[in-house]
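Numbering (my numbering), first residue to last: 18 to 331.
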Ligand SMILES: C[S@@+](CC[C@H](N)C(=O)[O-])C[C@H]1O[C@@H](n2cnc3c(N)ncnc32)[C@H](O)[C@@H]1O
Ligand SMILES: [Zn+2]
């Protein structure tokens, strides 16, 4: 029996990444055999068997395997599956729901909202958010973009309702002003791109580590644990976005098994920076209370006219 057509075939906002770089915006549409996406110039992008599409042109690849590697992706999947970061998911769902209902009631336009996760990794937050919002918005479209192919494969396998693509967030091949929400969870930022892709009523939700995030774990590994610079982060956003809301998510994870502690370490960048001696020390620890200290920052895009005025100093 033929399987149902893939959700990607219904995606309406995708641009051809090859035509886009030559500045001739061209929408992708399904091929006649429904196995790929095609642009008017006949650039063709196959739907992989796991259900994602690779939209990363070779010339945008800075290495053979950009982004997180398979080991990092699987480590993150394993830890997130333990449920310790559920409070982050809950906060994200709540803020996104609130924002969509504001737009919906204001203009009656957003019954089919469009959400984009920039740097979606293995799709934990993307999938949870999609499932929660789809109850109220069955026509929701959720895009997940990540430069790491192993991550996108996992995201596509996790949830068949997601539209998952390999792409750099420096050039996301989506038509301008398509998105009601962009989320960025512990991922690199591209403020100008995000502003371009958001509808004027759209918002950007960022989850980023606060000063004390995982500090007990870090202090077991390093002598000096301060690597936090919020001012620098906000300055980077300032030309394109206004910070409209901030929620601090602060809880302590009571970790009661060495397996969970090592899973947490393995999914953080600290794993790759940690000396074998420090890792050995963690091997012996069975219990650890570790603080979650995460900021949910909600940003409103600056109107391009206001932005020009700011930039010219008027
Ligand atoms: C710390 S992980 C977060 C993943 C996911 N949001 C989560 O929290 O589970 C950062 C992600 O950003 C991706 N990434 C890094 N540079 C990128 C780029 N230029 N374009 C797209 N994704 C990128 C990595 O491959 C990785 O999956
Ligand atoms: Zn093309």
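Beta carbons are placed, not taken as given, at the ideal position from N, Cα and C, and that holds for glycine. For clarity, every value in this text was computed on a predicted model and none was experimentally measured.
Handout entry: First and last residue of the uninterrupted alpha helix (DSSP H) at residue 54
Key = Not the alpha helix (DSSP H): residue 54 falls in the beta strand (DSSP E), residues 53-55.
Exercise for the section: Please say whether residue 36 and residue 45 have beta carbons closer to each other than 7 Å? Expected result: no
Handout entry: Span of the beta strand (DSSP E) around residue 71
Key = 69-71
Exercise for the section: Below 8 Å on the Cβ atoms is my guess for residue 106 versus residue 142; work out the distance and round it to an integer in Å. Expected result: 6 Å
Exercise for the section: Provide the residue span of the beta strand (DSSP E) that contains residue 297, from first to last. Expected result: Unbroken run through residue 297 is the alpha helix (DSSP H), 293-300; no beta strand (DSSP E).
Handout entry: Cβ-heavy atom distance, residue 43 to ligand 2, below 6 Å
Key = yes
Practice task
Measuring alpha carbon to alpha carbon, tell me which of 203, 194, 233 and 183 ends up nearest residue 75.
Solution key: 183
Problem - Any non-hydrogen atom of ligand 2 closer than 6 Å to residue 30 Cβ - result: no
Practice task
Measure the C-alpha to C-alpha separation of residue 168 and residue 139 and round it to an integer number of angstroms.
Solution key: 5 Å
Practice task
Under the assumption that residue 214 contacts residue 199 (Cβ atoms under 8 Å), give the Cβ distance between them as a whole number of angstroms.
Solution key: 6 Å
Exercise for the section: Output the boundary residues of the beta strand (DSSP E) element that contains residue 9. Expected result: With the chain running from 18 to 331 in the structure shown, residue 9 is simply not present.
Handout entry: Residue range of the beta strand (DSSP E) that includes residue 224
Key = 215-226
Exercise for the section: Tell me whether residue 29 is buried or exposed, calling it buried when 16 or more other Cβ atoms sit within 10 Å of its Cβ. Expected result: exposed
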